[in-house]
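Below you'll find the structure, written out as structure tokens, and then a few comments.
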Amino acid sequence: MPQLTNIEKGAFLRLFNDGGYVLDFSTNDFDNFTLDSVGVALCHHYGLSKGKSLTAYANEAEASKVVKLFTDLLAHFEIHCTSRCERDEDIAKLYARCRAIIDRFSNVAVPLAGSAHTVAKKFSSDYMSAQIKLMLEMTTQNPTEAIGKAKEFAESCCRTILEAHSVSIDKIWDMGKLVGETVKLLCLTPQDIPDTSKEAAAIRRLLGNLREIVSNMATIRNSYGSGHGKSANYRGLEKRHAQLAVGSSITLVQFLWDSHETQSQRR
């Protein structure tokens with residue numbers, strides 16, 4: 002595993018530590034958080050303030066544990082504290098630096114989490130960021146629930162894009178219709194690709210498969226997801242199935258949202 006340099010540790014500590022306070026944690030909440038993350042209630046262990054306890058742990062603990070705690074704290078920051086980036090440009094730059102460091106580790110060990118972060122960073126809604134975190138947790142803790150969340154995440158992305166363009170959404174629209182209208186709005190349907198485009202046939206097939214990701218995800222959820230009642234002898238799907246659904250959802254959302262942002266910047 003790559004090692005954190007002292008300079009990199011310092012960047013995280015400056016982001017998390019504010020005059021002895023750590024993000025928005027009370028002492029009790031911070032101890033519970035660190036106990037859950039790395040198995041140590043830091044304030045109780047060191048008998049120091051939250052900030053000093055975090056610094057002491059970062060200097061003493063093994064590298065993998067420090068990375069784990071910093072990763073979890075950064076995830077908490079992204080869900081609960083991103084407004085600090087809007088108020089302070091220096092905090093925004095510090096956050097971006099810390100995120101790049103964590104992504105370096107994530108690309109080695111957790112590629113799915115790295116992809117999820119790319120989408121989370123772009124959505125301004127705390128709901129979107131929380132959904133991504135929840136989906137990733139659920140792939141291990143509750144794969145069946147993760148499938149339902151994956152479908153809901155893609156639906157939320159489509160609704161966000163359509164609403165941004167003042168498109169009226171009919172309550173009866175299903176998953177396929179939502180994606181279809183979003184693709185149409187963004188001019189991504191196969192017929193929008195001219196025959197003169199390089200590798201036009203391949204592009205058409207890729208865009209045609211975009212809808213298949215959604216409809217297949219909906220089918221999986223209808224049979225196994227969290228939105229339907231099950232009999233007493235029901236057995237849910239496994240982690241690998243949930244990872245497929247969640248990964249597909251993140252890929253779809255990333256493509257649609259990137260297309261939406263690109264076109265918005267051109268206006």
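Throughout, the working numbering is defined as the position within the sequence shown, counted from one, plus 1.
Backbone N, C-alpha and C define an ideal beta-carbon position, used for all residues, glycine too.
Bear in mind the structure is a predicted one, so any value in this text is a computation, not a measurement.
Residue environment analysis places GLY149 among the buried positions, since at least 16 neighbouring C-beta atoms fall within 10 angstroms of its C-beta. Contact check for PHE17 and LEU55: beta-carbon distance about 6 Å, within the 8 Å limit, so the pair qualifies. DSSP, reduced to helix, strand and coil, places ASN18 within a strand of the structure shown.
Of the other Cβ atoms in all chains shown, 16 or more fall within 10 Å of the Cβ of ILE102; this residue is therefore buried. With a contact defined as Cβ atoms closer than 8 Å, ASP73 and SER38 qualify at about 4 Å.
Per DSSP, VAL67 has no beta-bridge partner at all. VAL23 sits in a strand when the DSSP states are folded into three classes.
Shown here, SER260 sits in a helix according to DSSP, grouped into three states. Unbroken alpha helix (DSSP H) stretches of 4 residues or longer found wholly inside the segment 156-191: 176-186, given in chain order. Short of 7 Å from the beta carbon of LEU189, and not among the five residues preceding or following it, lie these beta carbons of its own chain, in chain order: LEU208 and SER260. Taking 9 Å as the cut-off, the Cβ atoms of ILE92 and ARG85 count as close. Annotated as proximal: GLY21 and SER50, with beta-carbon spacing under 9 Å. Per DSSP, ASP30 is one residue of the alpha helix (DSSP H) stretching across 28-39. GLY48 carries a coil assignment under DSSP once its states are collapsed to helix, strand and coil.
In the structure shown, ASN7 adopts helical secondary structure according to DSSP, grouped into three states.
Taking a C-beta distance under 9 Å as the contact criterion, ALA57 and PHE71 do not qualify as a contact pair. Per DSSP, CYS86 is one residue of the alpha helix (DSSP H) stretching across 84-88. THR6 and ASP104 have their alpha carbons spaced roughly 15 Å apart. An exposed status is given to ILE8, since fewer than 16 other beta-carbon atoms sit within 10 Å of its beta-carbon.
Judged by their CB atoms, THR252 and ILE214 are nearer to each other than the 9 Å cut-off. The Cβ-Cβ distance between THR140 and LYS69 does not fall below 9 Å. The C-alpha of LEU36 lies about 44 Å from the C-alpha of GLN266. Nearest neighbour of GLN244 by Cα position, chosen from LYS94, ALA62, LYS152 and GLU156, turns out to be LYS152. GLN142 counts as exposed, since fewer than 16 other beta carbons sit within 10 angstroms of its beta carbon.
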